[in-house]
Each structure stands twice: as structure tokens, then as C-alpha cells.
Amino acid sequence: MTAITWQQTSADGAARRGWLDTPHGRVETPVFMPVGTRGAVKAVDSDDLKAIDTGIVLANTYHLMLRPGSESIEKLGGLHSFMNWDRPILTDSGGFQVFSLDPLIEEEGVSFRSTVDGDPVKLTPESAVRIQEGLGADIIMVLDVCVGLPAPPTVVKAEMERTLRWAERCINAQQRSDQGLFGIIQGGVDPDLRVLSARETAQMDFPGFGIGGLSVGESGTDRNRAIEAATSELPVDRPRYVMGLGDPEGLVDAVARGMDMFDCVLPTRHARHGKVMTASGDLNIRNQEYELDTGPLDESCQCLTCRHYTRAYLRHLFRMKEITAMRLLSIHNLSYLTDLMRDARVAITEGNFATFNADFRETRRPGSA
RNA sequence: GUGGCCGUAGCUCAGUCUGGUAGAGCACCUGGUUGUGGUCCAGGAUGUCGCGGGUUCAAGUCCCGUCGGUCACC
107 MTAITWQQTS ADGAARRGWL DTPHGRVETP VFMPVGTRGA VKAVDSDDLK AIDTGIVLAN
167 TYHLMLRPGS ESIEKLGGLH SFMNWDRPIL TDSGGFQVFS LDPLIEEEGV SFRSTVDGDP
227 VKLTPESAVR IQEGLGADII MVLDVCVGLP APPTVVKAEM ERTLRWAERC INAQQRSDQG
287 LFGIIQGGVD PDLRVLSARE TAQMDFPGFG IGGLSVGESG TDRNRAIEAA TSELPVDRPR
347 YVMGLGDPEG LVDAVARGMD MFDCVLPTRH ARHGKVMTAS GDLNIRNQEY ELDTGPLDES
407 CQCLTCRHYT RAYLRHLFRM KEITAMRLLS IHNLSYLTDL MRDARVAITE GNFATFNADF
467 RETRRPGSA
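In this note's numbering, the protein residues as written are 107 to 475.
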């Protein structure tokens with residue numbers, strides 16, 4: 107009995123719908139997972155997330171190991187209890203920080219300088235697993251090396267191979283049986299490397315697979331090709347998680363190619379910067395054109411923000427840097443992506459995903475509003 | 001009343017000594033941010049240089065006058 111299982115409930119072309127079962131319940135896929143780096147999705151709380159119908163959230167090993175420390179969280183009863191979230195949680199391993207914080211990478215592990223106090227911090231495949239076991243998420247990730255693109259092919263290949271070696275070490279380090287450890291596929295935008303990485307990773311029999319190293323500046327065409335290459339080698343009965351992907355078009359592209367899970371800071375970060383995702387395209391709430399606009403952010407949205415507040419009011423709050431603006435815009439953007447995935451699931455079941463995809467793209471086009 | 005200082009973009013002010021394309025920060029108007037540092041970056045619009053006269057090829061800058069503000073002293 108593995109902690110994490112996934113089963114397909116319907117499909118339309120390559121797109122697929124399913125159930126992801128975890129110790130904290132079932133999540134319908136495809137699903138978007140809000141990012142709660144330090145045990146909180148910025149600007150919103152767990153009640154807000156439930157109102158949005160968030161099924162699962164992500165938290166971050168690197169940030170939580172520094173503060174408050176996984177030992178503290180373990181003593182406090184684990185991450186679920188700590189953050190008052192009784193639905194599934196996925197923790198990222200710190201692999202992305204390998205990319206974003208530019209640490210020293212050695213075969214043993216990676217060495218960072220702490221972003222909190224400047225102290226040297228080391229993360230190895232074994233310690234990444236140990237820390238994630240202390241945090242107690244339902245799904246944990248292997249420590250990988252995410253290479254910034256573009257990068258020399260030799261570097262992409264070498265770090266993809268290092269990720270494979272580290273994946274083995276993570277499996278050997280795992281002690282808890284009530285968590286699902288996902289492997290991560292690397293290989294940049296080279297389809298051959300993606301195939302190789304996926305084949306080797308799939309042989310390790312993980313209960314699910316992350317596709318990492320994307321959404322780091324590559325074109326949509328390159329990303330889709332990399333996803334397709336990786337998928338060709340992945341088992342059909344395991345969930346596929348595209349790490350860091352969050353732009354609406356990218357999500358639908360990935361769902362069309364059989365991807366099941368996504369996480370991204372985009373909806374919440376954009377919210378804090380005034381950018382709003384809507385069915386008729388993105389808009390910037392600080393723009394002057396909304397000064398006297400009494401409509402909702404998105405006519406087709408039923409979120410708390412769209413039910414109660416006007417664009418004019420939200421523009422005012424945002425320009426005045428009122429904390430409430432961040433909460434309300436975050437609620438909306440998270441709702442938009444959550445609802446987009448819900449609509450995709452329905453379309454898959456009804457067998458009209460292609461129509462859904464075409465309509466989505468048409469209405470998102472600039473000026474179509 | 002006398003003396004000093006100040007008056008330049010919506011705001012706060014550089015630039016005046018030593019004349020040579022009207023500037024900065026903030027604010028304003030746009031764009032960017034993908035396994036999170038509420039940041040940051042990039043671009044754009046903005047002028048009766050208080051007013052009047054003079055000197056000069058050329059004045060925000062030098063000279064004279066004047067108006068307004070402010071401080072000190074009577």
C-alpha cells in the first residue's frame with residue numbers, strides 16, 4: 107500500500123482526468139496547487155483557500171528548514187496542524203533554490219548561504235528527505251538540480267544525470283511510508299535528454315513524477331516539446347506534475363498533453379503586483395482605465411472578490427497599498443486558475459476538451475473582451 | 001523699516017560661484033516578473049526657471065527693478 111495513488115477517471119485525447127489519493131484525502135486532477143513557501147499562501151489563509159476550493163498546497167523545504175526549522179514543526183505536530191490545513195500538502199525539496207540562489211553544487215549536495223542570516227547551509231539528497239519527513243507533507247520531492255535556461259548542453263546533461271543519482275539516494279533515505287516521494291525529470295529543452303531522464307527516473311518506480319527545469323525562460327514550443335518527450339517514457343498510471351508552471355495558456359497546453367498537477371507563484375505574485383488573470387485576458391488593475399469601472403475583475407468569475415468588489419475599488423486599494431488589495435487580488439487569481447482546471451476536468455469528461463481549449467484561447471486574446 | 005536667505009516639473013529640491021541642448025528623487029502613465037524576498041527592473045509624459053527690464057551671439061545663471069515667502073534685528 108503506497109501513500110500516494112492516482113487513477114484515471116476519464117480521458118479526451120492525451121488529456122486525462124483522475125483522482126489523486128493521499129493520506130489527507132482525494133484531489134481531482136488536473137489540479138493547480140497554490141504555493142505557500144513558508145507555510146502560508148501569501149495574503150490568504152486556509153479558510154480563504156477552502157472557499158477558493160483549493161485541493162492541495164505546496165510548501166518549501168528550504169525556507170521552512172531555516173525558519174522555524176523542521177524539528178520545530180515536527181514537535182508542533184507537523185505542517186498540516188501547524189498551518190491549519192487538513193487537505194494534502196506537497197513540499198518542494200529545495201531543488202529550485204539550487205537554481206534561484208546559485209549555490210555551490212557538489213556531488214554530496216548543495217551549499218547555500220542562508221537568505222535569513224548569511225550562515226552557510228547545506229542540503230543533500232538525504233537531508234532533503236529527512237527534513238521533508240519532519241515537515242510531514244503528503245507528497246515530497248527528490249532533491250534535483252534545476253538548471254537555468256539557456257545553458258550549455260553539457261551542463262544540462264551533467265545535472266540531469268546528477269539528478270538521477272540523487273534520486274536513488276533519496277529513495278534509500280526515505281523512512282516514512284505514509285508519504286509519496288516523487289522523482290523529478292530534468293534535461294532542459296532537449297527532447298533526447300528528457301526521454302533519457304524520464305526513462306531512467308520511471309525505472310525507479312516513484313508514485314509520481316515531477317517535470318522540472320521548465321518555466322524558466324524557455325519558449326512555449328520548447329516547453330511543450332520537452333513535456334511530450336518526457337511523457338513518452340512515463341507510466342500512464344502515475345501522476346505527472348509540471349513544476350513551476352502557472353500561466354493560463356501554459357497550463358492548458360500541459361493538460362492537453364496529459365499533465366495532472368501544477369504549482370506556481372504567478373497568481374499570488376501577480377496579485378501583489380496588480381496583475382489580474384481573467385477569462386478575457388490579463389489586466390493590470392493599476393491602469394487608469396479602471397478608475398471609474400464599476401464592473402468585477404472578471405464577469406465570468408464567482409469568487410469572493412468578483413462577487414463583492416468593483417475594479418474601481420480594487421484599483422484604489424491597490425494604489426494605496428492597502429493589505430486588503432493583496433488578499434482580494436490573490437483570491438481572484440487563485441480562483442481563476444483553480445476554476446480553469448475544474449473546467450478542464452469537466453471538458454475532459456464530456457469529451458469536448460478540444461472545444462474548451464479553442465474557446466479558452468479565443469476569449470483570452472487581447473482585445474477580445 | 002533694515003539686512004540675510006529662498007522662489008526651477010504635481011511635491012521636495014539640484015543646477016546660479018565659473019553664461020552654452022532644462023535635471024534628479026518621489027508622484028503620475030505604461031510594460032515585465034513562472035517549484036516566491038510584498039521586491040525589483042525597463043520605458044514614457046510633465047516646465048511662463050516668480051514677474052519686468054538690461055548686458056550678451058547666447059541668461060535658470062550676470063546687472064537693475066519689482067512681487068511673494070521666510071528668518072534675524074529694530
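Even glycine gets a Cβ: it sits at the ideal position worked out from N, Cα and C. Note that the structure is predicted; figures quoted are calculated from it, not measured.
Asked                                                                                                        : Found
A464 classed as buried or exposed, judged by whether at least 16 other C-beta atoms fall within 10 angstroms : exposed
Uninterrupted beta strand (DSSP E) stretches inside the segment 115-199 (no shorter than 3 residues)         : 121-128, 131-135, 137-140, 163-166, 195-198
For V251 and G81, believed in contact at Cβ under 8 Å, the rounded distance                                  : Only positions 107 to 475 of the chain appear in this structure, which leaves residue 81 out of reach.
Cβ-based neighbour list, Q238, same chain, cut-off 6 Å, excluding 5 preceding and 5 following                : T167, T197, I246
Assigned secondary structure, T108 (DSSP; H/G/I helix, E/B strand, else coil)                                : coil
Residue environment, L440, which counts as buried when at least 16 other CB atoms sit within 10 Å            : buried
Cβ-Cβ distance between D343 and G286 below 8 Å                                                               : no
Residue from E468, F466, R448 whose Cα sits closest to the Cα of R122                                        : R448
Buried or exposed by the 16-neighbour rule on C-beta atoms within 10 Å, applied to P140                      : buried
Element boundaries [alpha helix (DSSP H), containing R425]                                                   : 417-425
L255 vs G294 beta-carbon contact at 8 Å                                                                      : yes
Distance, A453 Cα to T307 Cα                                                                                 : 31 Å
Local conformation of F466 per DSSP, three classes                                                           : helix
Distance, A120 Cα to N330 Cα                                                                                 : 13 Å
H70 burial status per 10 Å Cβ neighbour count (16 or more: buried)                                           : The question about residue 70 has no answer here: the residues shown for the chain are numbered 107 through 475.
P341 - DSSP class collapsed to helix/strand/coil                                                             : coil
Which residues DSSP lists as bridging D369, in chain order                                                   : M139
G142 to S325 span [Cα, whole Å]                                                                              : 27 Å
Beta-carbon separation (whole angstroms), T135 vs M367, contact threshold 8 Å                                : 6 Å
Selected residue, minimal CA-CA separation from L164, among Q113, L241, T108                                 : L241
Option nearest D192 by Cα separation, candidates P341, A257, T469, K156                                      : K156
N-terminal and C-terminal residue of the beta strand (DSSP E) that L207 is part of                           : Premise fails: L207 is in no beta strand (DSSP E) and is neither H nor E.
C-alpha distance - R144 paired with D208, whole-angstrom precision                                           : 20 Å
Reduced DSSP category for H459 - H, G, I as helix; E, B as strand; rest coil                                 : Note that residue 459 is Phe in the sequence shown here, rather than His. In this structure, F459 counts as helix in the three-state DSSP scheme.
Candidates V253, M432, S233, of which the one nearest E177 by Cα                                             : S233
Of the residues G350, F315, R392, the one placed nearest P373, counting alpha carbons only                   : G350
For M310, three-class secondary structure by DSSP                                                            : coil
Nearest neighbour of G352, chosen from Q114, R470, M383, A109 [CA to CA]                                     : M383
For L351, the three-state DSSP class (helix, strand or coil)                                                 : coil
Those residues which DSSP pairs with S233 across a bridge                                                    : DSSP, once it has assigned bridges, lists no residue as partnering S233.
DSSP state of S386 mapped onto helix, strand, coil                                                           : coil
Identity of the residue in D404, N278, T430 nearest D445 by Cα                                               : D404
Distance between V137 and T111 (C-alpha atoms, nearest Å)                                                    : 15 Å
In DSSP terms, what L287 is bridged to                                                                       : I246
DSSP state of V261 mapped onto helix, strand, coil                                                           : helix
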